[in-house]
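Each position in the sequence shown, counted from 1, maps to that position plus 20 in the working numbering. The structure appears below as structure tokens.
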Amino acid sequence: MGKILIANDHGAVELKQRILKHLEGRGFTVENLGVDTEDSVDYPDLAEKACLQYLKGNYDFGILCCGTGIGISISANKVKGIRCALPQDTFAAEMTKKHNNVNFIAFGGRIEYKEPVEKMLDAFIDSPFEGGRHQTRIDKMMALEEK
Ligand code: RB5
21 MGKILIANDH GAVELKQRIL KHLEGRGFTV ENLGVDTEDS VDYPDLAEKA CLQYLKGNYD
81 FGILCCGTGI GISISANKVK GIRCALPQDT FAAEMTKKHN NVNFIAFGGR IEYKEPVEKM
141 LDAFIDSPFE GGRHQTRIDK MMALEEK
């Protein structure tokens with residue numbers, strides 16, 4: 021069973037706690053780098069902390085949460101080597117593993133999703149990367165970091 025890391029700002033404390041409970045219930049070890057109070061913090065700082073820790077290795081993937089999931093996912097995608105998805109539903113969560121093989125997935129604590137975030141996460145975790153032409157596209161995507 022792999023290791024996962026999670027970070028969040030003050031806009032997603034409750035969501036982060038739900039995710040932790042769910043993943044620990046599934047037997048994962050989750051490293052919590054986020055905040056646990058609603059005191060205001062800056063989401064780029066949390067994204068940076070989580071991404072740099074992830075890049076040290078030995079993690080399956082990372083999870084980032086802010087109020088919308090938008091600011092923290094944009095921030096993460098500025099870090100070289102990080103591909104962070106912000107899925108809107110279970111289908112997108114599944115496809116972002118199958119086709120994009122992202123190393124980070126983001127959610128919004130203030131978003132009313134039509135499906136539970138736990139279900140979206142399970143779809144992501146339990147789907148395999150399909151490789152082949154999708155790897156070619158990911159290679160092209162990551163090469164954009166050099167332009
Ligand atoms: C914080 O108020 C909020 O801006 C942040 O959590 C996030 O939604 C930004 O994208």
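Cβ atoms here follow ideal geometry from the backbone N, Cα and C, with glycine treated the same way. Please read all numbers here as calculations on a predicted model, not as lab measurements.
- A residue is called buried when at least 16 other Cβ atoms come within 10 angstroms of its Cβ; M140 meets this threshold and is buried.
- When secondary structure is reduced to three states using DSSP, I24 falls in the strand class.
- Distance between V61 and R157, taken at the CA atoms: about 35 Å.
- Bridge pairing for C85: N28 and F127 [DSSP].
- Scanning the stretch 98 to 157 for uninterrupted beta strand (DSSP E) segments of 3 residues or longer gives 124 to 128, listed from N- to C-terminal end.
- Proximity of the beta carbon of T88 to the ligand RB5 is indicated: a heavy atom of the ligand is located closer than 7 Å.
- Per DSSP, the unbroken alpha helix (DSSP H) holding V33 starts and ends at V33 to G45.
- Where E68 is concerned, the enclosing alpha helix (DSSP H) starts and stops at Y63 to L75.
- Taking the C-beta atoms as reference points, S95 is found no nearer than 8 Å to L106.
- Rounded to whole angstroms, the gap between the alpha carbons of D142 and V55 is 23 Å.
- Taking C-beta atoms as the reference points, N123 and F81 count as a pair closer than 8 Å.
- Annotation: the continuous beta strand (DSSP E) that includes N52 extends over T49 to N52.
- Here DSSP, grouped into helix, strand and coil, assigns D56 to coil.
- When the five nearest sequence neighbours on each side are left out, the beta carbons in the same chain lying within less than 8 Å of the beta carbon of K69 are those of A27 and L53, in order along the chain.
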